[in-house]
Structures are given as C-alpha cells and as structure tokens.
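Line by line, the protein sequences give chains A and Y. Read left to right, the first sequence gives residues 1 to 230 (this note's numbering). Read left to right, the second sequence gives residues 1001 to 1482 (this note's numbering). Glycine included, each C-beta is placed from N, C-alpha and C at the ideal position. Contents: one structure, followed by commentary.
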Amino acid sequence: MAKKSVWSDNRFWQRSAAWITGFASVLLIWLTFDTAGQISMGTDADLQNGVTKRVPGPTVINYKITYEMSSTRGHEVPVVGGNDGSGKSLFQEKEKFFGRDDWSEEEAGALLHLGKLGSQTKNCMNCHTLLGNGAYYAPDLTKSWLDPAWGPEGSMQAMTGKDTKEEAMAEFLQHPSTYPTHARMMPDLGITAEEAKGLVAFLKHMSSIDTNGFPRNFGRMENAGVRNGK
Amino acid sequence: MASNHLTGIGSESKQLATWYFTFAAILFGAQLLFGLVAAIQYVMPGFLFEIVDFSVARMLHINALVVWMVFAMFGSVYWLLPDETGIETVGIKVGKLLYWIFVAAIVVVVLVYLLIQVGPADEMSIWFIHEGREYIEAPRWADWGITVVALGFVANLFLTGMKGNRSGIVTVLMADMIAFAGLYLTGMFFTDNISVDQYWWWWVIHLWVEATWEVFVGALAAYGLIQMIGAHRKVVEMWLWIEVAMLFGSGILGLGHHYFWIGTPEYWWEIGALFSALEPLPLVAMFIHVMYDWGKEQGKQNADSLAAGEDDISVIKNSPAFIWFWMNAFGNFLGAGVWGFFHTLPQVNLYTHGTQFTSAHGHLAFFGAYATILIGMMYLAIQGTNGIKVMKNTKASIWSVSLLVGGMLGMTVALTIAGYVQVLISRAQMGATWAGYFDGQSGMWFVQAMDWRLISGMVMFVGFSLLIKDFLTTGKNPVHQR
C-alpha cells in the first residue's frame, strides 16, 4: 500500500491555514501599532517646533499650505508655512483663515471636530472622494483647498462675490445650487454658516495630510498656464 | 443525512434560512432600483435632484448590497447547518426572534435614509441618521443592533457546531464568522483624524470582502459541490483548507493596498503590492477546483453508465444552482482577481485610485464573488423546500442568469472605459483638480460609457425580475423531478 502523503492530508492543510492566518494577523497588528503612531494627529507645539507630522495638528489652518515636489521623496508633499527649497516645511509663513492666523489649539480643534462631523453627517463621501475614497460623482476633496479654482485666479471667488478662498468655499457650501458650475450640481444640504466654516477647516487640514504624493501633479497643467492651450 | 438535504420541510433552521433568503432577495431588488436611480443621474443630472440626490441613492444602493449579502450569508449558514451537523440548529427560537429584530432595524434605517437624508453636524446625526462612511453608513444605534444580531447568529453556529458533527466546512465557518462579526466593531467609533478613520474603516471593508467573505464563499462552494454533484467530502475539505491558507495568507496583509494614499507610511506600498498581487491566486485555485470536481464526478458517472450500457446522465442535481456556483468561481476570479489586480500596484493605483476604475472592479467583484454564489444558495433552498430531487433549468432561469451576467459584464466594460478616460484626462493630463475632474466627465467616451452603464443596469433589472419569477414559480413547475 502506498505511503500516505502529507500533501493530501487534511490535518496538514488545516494546520497550515491556522499558522499562515496567525502569522499574517500578528504581522498586521504589529504594523498597525507602527502606523497608528505615525498617523496620530500632531499638536500646535509640533508646528511651532518645526516637527513634520503626517497628519498635522488642527492649528495648521493658521499656516500657508502648498503641495510641492520633495527632492528627497521624489513626489509632491504638503508644505506648511513655506518651503526650504527641497520640499521641507519651514512652518513660518502664516495665512489668515477667516480673518485670523492665531486660532488657538482649542478653537482650531473645535472647528476641525465640527467639520469632520459635518463631512460625515452631510454624506460628502457618497458623491465625492476623500483621500481618494468614496463615490465618483463629484471631484476628489483630498487637496481641494489647494484647487486653483478657489484661488485668486480661479472663478469661484468672483462667482460667490467673496475675497478669500475660505469665504468663497463656505458660501458655496451653504448655497451650492445657487452657484452651479456644471449640469451636475451639488444639492443644498442645509449646511449652516458655522458648519461651513468647520467644513472648510476640515478641508484645509486634509490638504496638509501627507498622502505619499496622491494625487500626482495636482493642478500642474493649470498652474503652468497650459490649460486650454493658453 | 443523505436525504435530508433535499428537504427543508421539518427543519426550523431551514425555515429560518428561507426567511433570510426572502428578505435578501427583496433588498437585492432595492439595490438594483437605487443603482438605476444613481445611473440615471449620471446621464440626466436633474433627475430627482434635491429629492433623492445621488448621495442618498448611492448610499441606499451600496447599503442594500451589503445588507442583502449579509442576510443571504446568514441564510446560507442556517440552511447548511442541519446537513453538515446532522442536528437541528441550537437556539433556533432566538435566531428567529433576532431575524425579526434585524429586519425591523433595516426597515427603519432605510426609511430614515430616504426621508431624513442628512442631519446637522453633530453626534446625534451619527447616532440616529447615518455615519456618512461608505458601506457602513448605518447609524450607531443600528451598529449595536447589528452587533447583537450577529453575536446571536455566531452563538447559534457555535453551539450547533459543538453539539453536532463538526465537519471541516462547519469548522471553517465558525472561525470565519467570529472574525466577520468581530471586525465590524473596528468601524464603530468617531475620530477627527480622517487618516485614522479610514485606517480602521478599511479593516471592516477590506477584511470583510477580501478575507472573511472570500473564505465564507470557499465554504459555501465546498458545501454546494457536495450537495449538487456529490463531490467527495475529503477532497473538497482539503481544497477548502488550502483556500483558507491562501485567502488569509494573501488577503489579510493585502489590506495594505488601501493604505497607499490615506496618510499612512510608505512601507504599505511594498506590503500592499506584494500581498494583494497574490490575492488572485486562491481565486484561480477555486475555479480550477470547481471544474476539476465536476469533471471528475461526471467522468465517474459516464464510466458507470458505459459499463451498464445506459445513457449518460448528468451528476448535477440542481442545474440553476450549479450554473450560479460556476459563475461564482469564474466571476470571483475575473472580478476580484483580474479587475482587482489591474489597479492594485501603487504605480498604477496612484492614477486609478478614486476613479470609475475602482467602480468597475467593485461592481464585478461584488457580483462575481458574492451575488452569484448567494443566488446559487437560494436555488438550493428552493430545491429543498419544494422537495425536488433533480432541479432543471427553466427558460426563466436561463434568461435571468444570462441577463444578469451579461448586464454586469456590460456595466463593467463601460465603467472600465470611463475609468480610463478619468485616469488619462482628469488625472494624468489635468492634475486631478475640480476643473480636471469635469473635463474628464464631459469627455465623449465617458459620457457614452455612462449611457451604456445605464442600459446594462436596465438589462440586469430585467434579469432580476425573471430570477424572482423563476423563484416563485418553481413550486408548480412540472419540469423538475420530485
């Protein structure tokens, strides 16, 4: 009689399955601890001390944020408060957010909290993508704060009659169907003035998150003035 | 045990299974209906604007999807438990009570989604309207309700598995379902940090659909092969253990392919790429497994017929179910495997992430990997409850499978083309801005793709209607052997 082969033995495969699953799970849990540390939200002290965090603290809304090529990492990264020339943040250049650049940690934190709650309760993710995740019916919001459409050269400030990016965004969010940009419009979601402020803070904060270069070449063609062959 | 699988009559567990299947089928219809609404809105943006907006239709579309599948999965377990363990399910009365609680909760959640839609930016909205997190939007109160129901279900399964004959299939299901229920808990908290939010959110979504649900499908396929073509249990269960090893071995760390761009460290590029690239392998294995067992059993049958000088007869005891199981083996490989692999490497995903490409994959994978086999399980249950020995194809069953599968393939191709337009125009050319996004959306190929997607969706809806017709007329159809 032929010797029984381990390769056709159910016990062998059952044990293999258990070991492989256990090993993968332990590795995942270990990596989760490491990642959790790296993506924990920074503080105001981090920003003041020039500590770059993957997810900066809420007071990042007091700073100018850009998205620029990092020579060391080979892709774009969020740059907070000015660029040292190689894509590293200087944490110096401030930018007024609703008229102030001295939002305290508590105030900025409360705004971000309201904005994050709003992003969920208004169901943003079932039309837009956030960090690339969500639905595909409307533009990605990951770097929307940096979108040239909302900047001084863009059309949205003139359309909403506002002088700053944050005010234009807040106005649009409160009355989206009053300012249609395309046949596909954003519906009125009953967003209040305070909620809109929170949502814009949330968007500005999200643009400062280090997304490993996603999306690539954000606004590149338009910035270079190549859009529409002009 | 040999004959009792042919009848659901007298088994409370099987009766409960049919309840679960019935509500699942209703929700499947709701999923298609709201999918159609969303698809129409891509073509005619004014359709139901500020009445049932895209966000609401889509939330209902994907939530109905998740919930009908969970219902059909619970139903499948209640259906197969008596066959596998040889006993009536333990605690079935509690199981039945939990079923009604589950149904009531889902009805309330759906009504709130439809009638209230959005709330103010506060915790109350999260608790009582919805959480606004794709796929697991259910409000927090419902999360806890679902947890209680899921734990009751897991308790039924464990108590029955421990009391009766614990087959390999039941052992796999026990381990799998405890992970399935436990993982849901990782999606039940609020944080201001969206990177942390999405990190744990993927634990639920990915570790469900690319790990625990896939293993569940492996167990169902094993059960189905034994029931439908009389495959050898030892062989089938050995395959099942190999599949578990391969699915969890690749799928658990394959989670990394969702961590490329959400704020998480770069090492997920390598981990996600390597392990998710391995994810299609078990799906190839599962397809080969089904084909191999079918060929083997039919070959044996043919040899026996030849020796006895009789005509060949099919080993398939339930043709419509077998077609759906076969579609599952192939669809899982094609939708989850091939379409998933297309965009799983970070170098590609940098451009495809968050485009219709993902949508193409999502549609074909959910349908190919899950809808198919769960419809197959419904056919097995219909065979059992109607006391049918050999269940044949009918015109309705053939047309429904053709239209559902054909519609889904059409939709997948359309969405893939739309995804390419987005990748090339909105992403590569225009740099992912608001204006770039709409340049892509107004591209001719994108617009045409959305038309074809809508047409494909309508084809699927006709297929679904015929499926329900076939379900409801099986009892009286004389074509089946009783």
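Query, Result
"For T59 of chain A, three-class secondary structure by DSSP", "helix"
"Local Cβ density within 10 Å of H1005 of chain Y, reported as buried at 16 or more and exposed below that", "Here H1005 of chain Y scores only 45 on pLDDT, less than 50, and its place in the model is too uncertain to base an answer on."
"V1462 of chain Y vs L1403 of chain Y beta-carbon contact at 7 Å", "yes"
"Option nearest S1125 of chain Y by Cα separation, candidates Y:E1134, Y:Y1135, Y:R1140", "Y:R1140"
"Assigned exposure category for P1082 of chain Y - 16 Cβ within 10 Å defines buried", "buried"
"Whether E105 of chain A touches K64 of chain A by CB criterion (7 Å)", "no"
"Minimum Cβ-Cβ distance from S1359 of chain Y to chain A less than 7 Å", "yes"
"Whether H1258 of chain Y touches W1202 of chain Y by CB criterion (7 Å)", "yes"
"Interface flag, V1315 of chain Y vs chain A, CB-CB below 7 Å", "no"
"Three-state secondary structure (DSSP) of P1265 of chain Y", "coil"
"P78 of chain A - partner residues in DSSP beta bridges", "A:Y67"
"Coil, strand or helix - V1196 of chain Y by DSSP", "helix"
"Nearest-angstrom beta carbon gap, T1085 of chain Y and G1010 of chain Y [assumed within contact, 8 Å]", "Not confirmed; about 16 Å, so no contact."
"Within 7 Å, strictly: CB atoms of H182 of chain A and F1054 of chain Y", "no"
"Delimiting residues of the alpha helix (DSSP H) encompassing N1349 of chain Y", "1346–1352"
"Exposed unless 16 or more other CB atoms sit within 10 angstroms - verdict on S1195 of chain Y", "buried"
"G1475 of chain Y at chain A interface by Cβ criterion, 7 Å", "no"
"C-alpha distance - L943 of chain Y paired with G1046 of chain Y, whole-angstrom precision", "The shown model of chain Y, from 1001 to 1482, leaves out residue 943 of chain Y, and the question about it has no answer."
"Residues that T43 of chain A contacts on chain Y, provided the C-beta gap is smaller than 7 Å", "The premise fails here: T43 of chain A is roughly 12 Å from chain Y at the closest Cβ pair, so nothing lies under 7 Å."
"Sheet register partners of K94 of chain A (DSSP bridge)", "A:Y63"
"With 16 other Cβ atoms within 10 Å as the buried cut-off, status of Q1557 of chain Y", "Given that chain Y is displayed from residue 1001 to residue 1482, the structure contains no residue 1557 of chain Y and the question cannot be resolved."
"D140 of chain A beta carbon less than 7 Å from that of T129 of chain A", "yes"
"Opening and closing residue of the alpha helix (DSSP H) in which P1082 of chain Y lies", "1054–1085"
"Environment of W150 of chain A [buried if 16+ CB atoms lie within 10 Å]", "buried"
"Environment of V1077 of chain Y [buried if 16+ CB atoms lie within 10 Å]", "buried"
"Enclosing alpha helix (DSSP H) for N49 of chain A [first to last residue]", "From DSSP, N49 of chain A is part of no alpha helix (DSSP H); its letter is neither H nor E."
"Contacts around T66 of chain A, its chain only, beta-carbon distance under 6 Å, and the 5 residues preceding and following it disregarded", "V79"
"DSSP-derived helix/strand/coil call for E1012 of chain Y", "helix"
"Buried versus exposed, by CB contacts within 10 Å (16 or more), S1003 of chain Y", "Note that S1003 of chain Y has pLDDT 42, beneath the 50 cutoff, so the model's placement of it is unreliable and no number is given."
"Chain Y residues whose Cβ lies nearer than 7 Å to that of P78 of chain A", "The premise fails here: P78 of chain A is roughly 10 Å from chain Y at the closest Cβ pair, so nothing lies under 7 Å."
"Residues near S1359 of chain Y in its chain [Cβ-Cβ closer than 6 Å; skip 5 each side]", "L1415"
"Burial state of S1397 of chain Y (16 or more Cβ within 10 Å)", "buried"
"Three or more C-beta pairs below 8 Å linking the segment 1108–1128 of chain Y and the segment 190–197 of chain A", "yes"
"Rounded separation between G42 of chain A and G85 of chain A - CA only", "23 Å"
"Residue-level contact to chain A via CB, R1166 of chain Y, 7 Å cutoff", "no"
"Members of the segment 1233–1249 of chain Y that neighbour chain A once the beta carbon cut-off is set at 7 Å", "K1234, E1237, M1238, W1241, I1242, V1244, A1245, F1248, G1249"
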